[in-house]
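Residue numbers (full-length UniProt numbering): 1 to 550.
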């Protein structure tokens with residue numbers, strides 16, 4: 001992004017990112033332009049977590065409507081320091097190559113869905129985020145789950161392979177395994193290596209009363225915090241991980257227990273239910289996320305902020321009766337997260353081809369509430385984008401079949417539990433929120449189009465015919481209706497001002513840059529001049545550009 005630049009006088013010199021000294025001439029001159037605390041690191045972090053609409057799709061504050069909002073810093077340029085300022089806190093990403101359905105999804109490699117404060121935790125049973133955005137009780141939100149999968153898929157493509165430390169693998173069952181961990185077996189407990197016929201490998205079998213200390217495997221890892229192990233429980237049991245933390249070196253223990261309880265906190269013990277686990281499965285957990293979500297547990301919509309961090313993974317403790325193998329700690333496990341999301345989508349698609357959202361949603365005054373069970377075109381589209389990537393990797397037809405079935409709600413109007421609206425009896429639109437009256441949310445519509453594009457390109461001419469027709473109709477509408485979302489100084493989130501006769505719902509800067517990023521993506525696969533024109537104009541608004549007046 002280009003910035004306006006002002007040379008920094010001697011009294012302003014300092015490291016890049018330094019604040020203007022209070023009382024300086026330039027600070028005084030810019031004072032009226034800089035809203036109080038508008039550019040604090042905390043605010044910028046919060047906004048950056050939300051950019052791209054990722055942190056939450058509920059409501060949309062103002063933010064680009066022509067007020068004098070300026071964000072700036074001291075930066076090095078051409079051998080000297082200067083003050084750079086921009087009218088936006090959000091970022092446009094370069095579309096370096098044409099978009100591909102098997103490639104990085106937009107700029108999702110930069111997002112950490114699980115760390116959002118409206119994510120209660122990562123479910124121990126399902127392995128996907130549980131949202132509290134519209135209710136503190138927590139619910140599975142298909143958009144957030146798809147974004148969780150797409151972000152980890154994208155990270156896997158853009159990051160180096162992780163360092164993996166192996167602590168236990170029982171090998172052939174005759175003591176010829178390997179691993180860097182040492183087991184401790186207290187009195188009253190047993191630990192043996194047995195041959196598992198279903199896996200054709202040796203595994204560790206443990207038996208410990210729940211009241212005992214449990215068998216423990218020394219880990220002593222202060223480098224990485226993603227733990228993974230294969231587990232089969234033969235009775236009620238648990239696998240716990242003891243962490244040394246930055247909280248005065250206090251020890252916290254994260255327990256993964258054979259129950260359906262979501263999450264609980266008791267003093268310095270955090271509990272996640274992982275289900276019965278009566279057959280072999282792999283449990284992969286981000287200990288940093290599990291620690292912070294547990295410590296920050298609250299009865300409100302947002303997880304309480306905490307500075308606590310894991311410092312060292314000390315040991316793994318197993319209790320009850322069960323089988324264990326392949327204990328590892330790694331820096332990342334992106335594909336495990338991606339496939340957890342993909343398989344959740346596979347398991348939870350209903351007979352209508354959709355992923356119903358089981359909370360009430362009130363978009364705003366004048367709109368009828370959406371009762372639990374509504375569908376979202378954005379959820380359908382991002383689910384398609386996730387599922388086609390899973391299909392590309394595995395060639396499992398179940399993933400492609402689910403993506404193809406997901407087109408069904410696009411053909412039905414909102415009153416028939418679909419997601420289709422028609423603007424001015426002419427332009428088909430796929431509703432993020434299928435409200436009455438229609439709302440025409442722009443970013444959700446474009447995410448739906450990206451999903452349809454992914455599906456038509458992956459499924460081929462015959463299987464993808466329906467997705468292609470829906471995509472083409474949607475693209476025609478987008479090209480025709482883009483001017484309706486342009487304020488001359490920013491963009492508009494939806495068309496409620498037209499449908500309800502109310503004031504326009506101005507897009508925050510993070511939504512404005514999402515609009516630009518989405519148009520850039522679509523413009524990389526469709527060379528219609530309208531996309532280039534709007535991208536250029538909307539980018540100019542970030543630098544203070546304004547439409548001409550009379």
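For each residue, glycine too, the CB sits at the ideal point set by N, CA and C.
Since this is a predicted model, take the numbers as computed values, not measurements.
- When DSSP reads this structure, residue 413 sits in a beta bridge with 420.
- In terms of Cβ geometry, residue 409 and residue 375 form a close pair [threshold 7 Å].
- Secondary-structure assignment with DSSP links residue 318 through a beta bridge to 215 and 239.
- Secondary structure note for residue 357: it is in no alpha helix (DSSP H), with a DSSP letter that is neither H nor E.
- Proximity to residue 493 across 370, 509 and 501 peaks at 509, based on C-alpha coordinates.
- Contact between residue 238 and residue 258 is confirmed by a C-beta separation of about 7 Å, below the 8 Å threshold.
- In the structure shown, the three-state DSSP call for residue 380 is helix.
- The beta-carbon distance between residue 197 and residue 323, rounded to whole angstroms, is 12 Å. This is too long to meet the 8 Å contact definition.
- Taking a cut-off of 8 Å on C-beta distances, the stretch 121 to 130 touches the stretch 267 to 281, as three or more cross pairs fall below it.
- If you look at residue 265, you'll find it isn't in any alpha helix (DSSP H); it sits in the beta strand (DSSP E) that goes 263 to 266.
- Residue 407 is a Cβ neighbour of residue 466, given a cutoff of 7 Å.
- Within a 10 Å sphere around the beta-carbon of residue 309 sit fewer than 16 other beta-carbons, which makes this residue exposed.
- In the DSSP annotation of this structure, the continuous segment of the alpha helix (DSSP H) that includes residue 454 starts and ends at 442 to 463.
- The stretch 202 to 216 makes contact with the stretch 178 to 191, as at least three CB pairs between them are under 8 Å.
- Between the alpha carbons of residue 426 and residue 105 lies a gap of roughly 31 Å.
- Residue 170 and residue 313 have their C-alpha atoms some 21 Å from each other.
- Taking C-beta atoms as the reference points, residue 388 and residue 454 count as a pair closer than 7 Å.
- In this structure, DSSP gives residue 258 a state outside helix and strand, which the three-state scheme calls coil.
- In this structure residue 378 is buried. Its beta-carbon is surrounded by 16 or more other beta-carbon atoms within 10 angstroms.
- Straight across, the Cα-Cα distance linking residue 226 with residue 327 is about 11 Å.
- In terms of Cα proximity to residue 267, the closest of 256, 252, 473 and 435 is 252.
- The stretch 152 to 170 and the stretch 102 to 118 touch, with no fewer than 3 CB-CB distances between them shorter than 8 Å.
- Annotation: the continuous alpha helix (DSSP H) that includes residue 142 extends over 142 to 158.
- Straight-line spacing of the CA atoms in residue 192 and residue 206 works out to 7 Å.
- By the CB criterion at 7 Å, residue 98 and residue 530 fall outside the cutoff.
- Looking at the backbone, the Cα of residue 329 and that of residue 256 are separated by about 16 Å.
- Assignment of residue 270 by DSSP, reduced to helix, strand and coil, places it in the strand class.
- Put simply, the backbone Cα of residue 513 is about 14 Å away from that of residue 444.
- Check the Cα spacing between residue 317 and each of 181, 280 and 503: the tightest is with 181.
- In the DSSP annotation of this structure, the continuous segment of the alpha helix (DSSP H) that includes residue 291 starts and ends at 287 to 295.
- In this structure, the beta-carbon distance from residue 338 to residue 471 does not fall below 7 Å.
- Nearest neighbour of residue 360 by Cα position, chosen from 350, 367, 366 and 371, turns out to be 371.
- A distance of 7 Å or more separates the beta carbons of residue 151 and residue 92.
- With contacts defined by Cβ atoms closer than 7 Å, residue 534 and residue 482 form a contacting pair.
- Between the alpha carbons of residue 265 and residue 254 lies a distance of about 9 Å.
- Residue nearest to residue 382 within the set 430, 393, 421 and 367 is 430 (criterion: CA-CA distance).
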